[in-house]
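Chemist: A single structure is presented below for examination.
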């Protein structure tokens, strides 16, 4: 096999495909085999195909469509925008303990599979305790306590519970342990010493990384969150400026094809004690009427995906369904508003976006010692990365965010998104991690009394603009 053929085969495998001999031969006859394969992989991703083998017929269909696309005007190639996740409206529970057991097992198994795919030779903890030598053990963290000389970790797997210590004298290990939270599913490399497991390393499920090869038309996606219409602290002038811009003939505004509203469009009622005294609009009906007036200024060609947050009138437990039908009717929108659940997987052409309001960031702050509300401006990027490294949107459970114990763990992150967008903290942030762009879109609410008391300084009047041709992200301030 030639070096080019080997590189083609490896690249296909990295994207989850296998080239047939005939397809490989046809690619090798092209002037730019690797470039042609990049186009083919992007085309397959955009189609959302489940096939694994790339054979000659598949390649011929792609080449025919490539010729057709080259001669077709841009307006004949509409951008496909698809909500790929459920809306969670049909989910219900009976409230029995067995449901919680099944949910935790689903959570454990989904993340264990990630470790198994990485080729780690996982062993039962009790087996490793009885034998000498080093091995890998996987479990869910029941508790973690830092002491002077070590971390004491209580772990659980589907058949047993066990203890482990991680010495603090190993500075690299101690630094990693600061990111380990209760309820995370992690792997320890450890050995048995007098019947106790002693760790030498710890692993989060993490992601292998990806390279986004898809490029779309010169169109924009705009992302906003935490608008809080109805609050006395709603930054109405700033938001009006945003609406003036988005409805203007300005070049970048005219390119917007999708607006993602990532939670807390309205401020809600009775969300927290004493909220009534801080409202300018004191009912959901008034708030959604005002929101409808605002959204009516969004140009008709722009599709809107509306993801709920913790201030919306819907179930508080994650995953959340869309807002209730009576409030959808108040918003109107003529069918161009897509009412998504939280979290929402959205495919735009060949781009996969995971939109999550981000309530569980409160739990991450409360569960550990690394993060605080007063340091969000400096450390939000690390918090967003932690969700990806944990491969879960709720890496810790049972603090301030209720989780519905469903048979399927909808908060797990089974595949790496191209974009992970969050809100909730009211602090704008951006980073990239192993090929994923992570962004928090800030807020449209001035600092509240609660935020002032905990040292949180919000980023007010920010929108995120993602260009589909360059995949570049920038913040707009109003």
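Numbering (our numbering), first residue to last: 58 to 535. Note that the Cβ used here is the ideal one computed from N, Cα and C, for glycine as well. Remember, it's a predicted structure, so these values are computed and weren't measured experimentally.
(1) Compute the distance between the beta-carbons of residue 453 and residue 166, then report whether it is under 8 Å.
(2) Could you work out which residue in 334, 483, 320, 461 is closest to residue 412 when comparing CA atoms only?
(3) Helix, strand or coil: how does DSSP classify residue 409 here?
(4) Would you say the stretch 385-393 touches the stretch 413-422, given that touching needs at least three Cβ pairs under 8 Å?
(5) Taking the CB atoms as reference points, tell me whether residue 338 and residue 344 lie closer together than 8 Å.
(6) To which residues of the same chain is residue 484 closer than 7 Å at the C-beta, ignoring the five residues directly before and after it?
(7) Does the beta-carbon distance from residue 374 to residue 261 come in below 8 Å?
(8) Nearest to residue 341 by CA position, among 203, 363, 305, 288, is which residue?
(9) Do residue 356 and residue 380 have their beta-carbon atoms positioned less than 8 Å apart in this structure?
(10) What's the C-alpha gap between residue 242 and residue 198?
(11) Taking the beta strand (DSSP E) that residue 258 belongs to, which residues open and close that run?
(12) Could you please give the first and the last residue of the uninterrupted beta strand (DSSP E) stretch that includes residue 476?
(13) Report all residues from its chain with a CB closer than 6 Å to the CB of residue 202; omit the five preceding and five following residues, and keep chain order.
(14) Sorted by chain position, which residues of the same chain lie with C-beta nearer than 6 Å to residue 286's C-beta, five sequence neighbours on each side aside?
(15) Our contact map puts residue 214 next to residue 196 with C-beta atoms below 8 Å; I'd like the distance itself, whole angstroms only.
(16) What number of angstroms, rounded off, separates the C-alpha of residue 524 from the C-alpha of residue 276?
(17) Out of curiosity, what's the CA-to-CA distance linking residue 78 and residue 112?
(18) In the DSSP assignment, the beta strand (DSSP E) including residue 241 goes from what residue to what residue?
(19) Grouping DSSP H, G and I as helix and E and B as strand, with all else coil, what is residue 377?
(20) Closest to residue 59 by CA distance: which of 74, 70, 82 is it?
(21) If you check the beta carbons only, do residue 315 and residue 281 fall under 8 Å apart?
(22) If we count the other Cβ atoms within 10 Å of its Cβ and call it buried at 16 or more, is residue 69 buried or exposed?
(23) Within 10 Å of its beta-carbon, does residue 442 have 16 or more other beta-carbons around it, so buried, or fewer, so exposed?
(24) When you compare only the Cα positions, how much space is there between residue 518 and residue 318?
(25) Would you check if the distance between the CB atom of residue 61 and the CB atom of residue 85 is smaller than 8 Å?
(26) Can you look up residue 296 in the DSSP assignment and give me helix, strand or coil?
(27) Taking 8 Å as the threshold (C-beta atoms), are residue 306 and residue 142 in contact?
(28) Within this structure, are the beta carbons of residue 449 and residue 427 separated by less than 8 Å?
(29) Rounded to the nearest angstrom, what separates residue 162 and residue 445 at their Cα positions?
(30) Measuring straight from C-alpha to C-alpha, what distance separates residue 304 and residue 403?
(31) Identify whether residue 192 lies in helix, strand or coil by the three-state DSSP scheme.
(32) Whose C-alpha, out of 183, 159, 270, is nearest the C-alpha of residue 475?
(33) Quick check for students: name the residue ranges of the beta strand (DSSP E) that lie wholly in the stretch 464-518, counting only runs of 3 or more.
(34) Within 10 angstroms of the Cβ of residue 216, are there 16 or more other Cβ atoms? Answer buried if so, exposed if not.
(35) Rounded to the nearest angstrom, what separates residue 72 and residue 101 at their Cα positions?
Modeler: On the basis of the coordinates in this document:
(1) no
(2) 320
(3) strand
(4) no
(5) yes
(6) 433, 434, 437, 497, 499, 515, 516
(7) no
(8) That would be 288, whose Cα lies nearest to the Cα of residue 341.
(9) Using a Cβ distance threshold of 8 Å, residue 380 and residue 356 do not count as a contacting pair.
(10) 6 Å
(11) Where residue 258 is concerned, the enclosing beta strand (DSSP E) starts and stops at 253-260.
(12) 476-479
(13) 209
(14) 323, 344, 347, 348
(15) 5 Å
(16) 6 Å
(17) 8 Å
(18) Premise fails: residue 241 is in no beta strand (DSSP E) and is neither H nor E.
(19) strand
(20) If we check each option's Cα against that of residue 59, 82 comes out closest.
(21) no
(22) buried
(23) So residue 442 ends up on the buried side.
(24) 14 Å
(25) yes
(26) helix
(27) Contact: no.
(28) no
(29) 20 Å
(30) 24 Å
(31) strand
(32) 270
(33) 476-479, 486-490, 493-497
(34) So residue 216 ends up on the exposed side.
(35) 10 Å
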